[in-house]
Amino acid sequence: MIFGGIDLTPYLLVTKVTRPIVPKVRLDETEVPGMDGSHIRATGLEPVEIAVDCNIVGGSLDEVAEARAVLASALSGGQKALVLDDAPERYMLARYRGGAEQGRNAHMPNLTLAFYCADPAAYGQRRSEQVTASQRAVAAGGNYRAYPTVTCKPPAGSSWTITNVSTGRFVRVEASFTGAQTVVLDMRAERCTVNGADWPVTVASDFFSLDGVQQIKTSGGTATLEWEERWL
């Protein structure tokens with residue numbers, strides 16, 4: 007197990023990891039006149055809790071105390087990347103809840119570590135694709151939507167647009183482009199910058215995610231999309 011970039015394998019022997027197969031779906035119910043029951047709509051995913059059963063590696067009181075001190079330091083603090091042995095190529099953004107009590111003082115004492123993941127989808131490989139005015143299929147990877155960061159030097163003109171042809175969503179930036187400016191779109195934060203300065207997008211713009219394989223194109227120039235795979 008790795009937490010916050012620190013490999014805890016020398017100090018912990020993980021025996022069991024308990025977590026949901028998929029996160030709970032957050033549901034919204036709306037009463038519809040003339041209809042029995044309610045209209046149900048998914049509005050997102052619930053946070054995930056992960057329980058890690060383990061033993062502190064140590065055959066003596068001194069060894070256990072030393073390992074406990076290392077663990078206390080590594081587990082403290084805020085949200086960090088959690089990599090579990092059953093999925094070493096992915097990580098969760100998790101916060102250790104605290105409160106774990108060891109079963110005994112020496113001879114591989116057992117304990118359960120509880121982690122809280124407000125962001126319920128795991129992060130996987132980093133991906134990058136380039137798209138142009140000729141639409142191109144972009145594979146998001148993973149099995150959950152990912153939000154890319156888009157970087158482009160638009161050609162000369164009064165506006166620049168990137169479109170997710172598969173969904174119809176697009177983001178348009180209006181400015182006096184000369185071909186020298188750099189536009190950066192953060193799809194998750196719904197933020198646009200031009201040469202590092204915050205810049206508005208048009209009212210009709212709709213920041214989009216990548217999910218499965220989708221067709222993406224620009225109105226001109228080459229845009230680089232960068233993101234991390236998301237996994238449930």
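Numbering (our numbering), first residue to last: 7 to 238.
Glycine included, each C-beta is placed from N, C-alpha and C at the ideal position.
Since this is a predicted model, take the numbers as computed values, not measurements.
* Counting Cβ pairs, one atom from each stretch, are 3 or more of them under 8 Å apart for the stretch 107-126 and the stretch 50-63? -> yes
* Asked: Looking at C-alpha atoms only, which residue of Pro26, Val28, Leu90, Ala229 is the closest neighbour of Pro160?
  -> As a working mapping, residue 160 is identified with position 154 in the sequence shown. Nearest of Pro26, Val28, Leu90, Ala229 to Pro160, Cα basis: Ala229.
* **Collapsed DSSP secondary structure at Arg194 in the structure displayed** => Residue 194 sits at position 188 when you count from the first residue of the sequence shown. Here Arg194 sits in coil by DSSP.
* Looking only at DSSP bridge pairs, what is Tyr129 linked to? -> The sequence position of residue 129 within the sequence shown is 123, counting from 1. Its beta-bridge partners are Tyr97, Arg236.
* Please determine, among Cys60, Glu69, Val76, the residue with the shortest C-alpha to C-alpha distance to Gly10. => In the sequence shown, counting from the first residue as 1, residue 10 sits at position 4. For Gly10, the nearest C-alpha among the options comes from Val76.
* To do: Pair every Cβ in the stretch 23-32 with every Cβ in the stretch 67-83, then say whether three or more of these pairs are closer than 8 Å.
  => no
* To do: Evaluate contact between the stretch 128-142 and the stretch 230-237, counting only Cβ atoms and requiring at least three cross-stretch pairs below 8 Å.
  => yes
* Go through its chain and collect everything with a Cβ distance to Ala87's Cβ below 6 Å, but skip five positions before and after it. => Within the sequence shown, numbered from 1, the residue matching residue 87 stands at position 81. Excluding positions up to five away in sequence, the list reads Tyr97.
* **Val240 vs Cys158 beta-carbon contact at 7 Å** => Only positions 7 to 238 of the chain appear in this structure, which leaves residue 240 out of reach.
* Asked: Ends of the beta strand (DSSP E) at Leu119?
  -> As a first step, residue 119 is located in the sequence shown; it is residue number 113 there, counting from the start. Residues 116-123.
* To do: Would you decide whether Ile222 is buried or exposed? Buried here means 16 or more other CB atoms lie within 10 Å of its CB.
  => Counted from its first residue, the sequence shown places residue 222 at position 216. So Ile222 ends up on the buried side.
* **Cβ-Cβ separation, Phe121 to Ile56 (assumed contact under 8 Å), whole Å** => Within the sequence shown, numbered from 1, the residue matching residue 56 stands at position 50. Within the sequence shown, numbered from 1, the residue matching residue 121 stands at position 115. Rounded, the Cβ-Cβ distance is 4 Å, consistent with contact.
* Along the chain, where does the alpha helix (DSSP H) that runs through Ala146 open and close? -> In the sequence shown, the residue the question calls residue 146 occupies position 140. No alpha helix (DSSP H) holds Ala146; DSSP gives it neither H nor E.
* **C-beta atoms of Ala145 and Val219 nearer than 7 Å** => Counting from 1 along the sequence shown, the entry for residue 145 is found at position 139. Counting from 1 along the sequence shown, the entry for residue 219 is found at position 213. Closer than 7 Å, so yes.
* Asked: Leaving out the 5 sequence neighbours to the left and right, which residues in its chain are closer than 8 Å to Val63 when beta-carbon positions are compared?
  -> Against the sequence shown, residue 63 aligns to sequence position 57. Excluding residues within five positions, the ones whose Cβ falls inside 8 Å are Pro16, Tyr17, Leu18, Leu19, Glu69, Ala73, Met114.
* Where Glu180 falls: helix, strand or coil (DSSP) -> For this step, residue 180 is matched to residue 174 along the sequence shown. The answer is strand: DSSP assigns Glu180 an E or B state.
* Rounded to a whole number of angstroms, what is the C-alpha to C-alpha distance between Gly163 and Asn201? -> Numbered from 1 along the sequence shown, position 157 holds the residue referred to as residue 163. Numbered from 1 along the sequence shown, position 195 holds the residue referred to as residue 201. Each residue's alpha carbon lies about 16 Å from the other.
* Asked: What residues match up with Gly50 in a beta bridge as DSSP calls it?
  -> One-based indexing of the sequence shown puts residue 50 at position 44. Arg32, per the DSSP bridge assignment.
* To do: Please classify Ala57: does DSSP put it in a helix, a strand, or coil?
  => By 1-based counting over the sequence shown, the position of residue 57 is 51. It is a strand residue.
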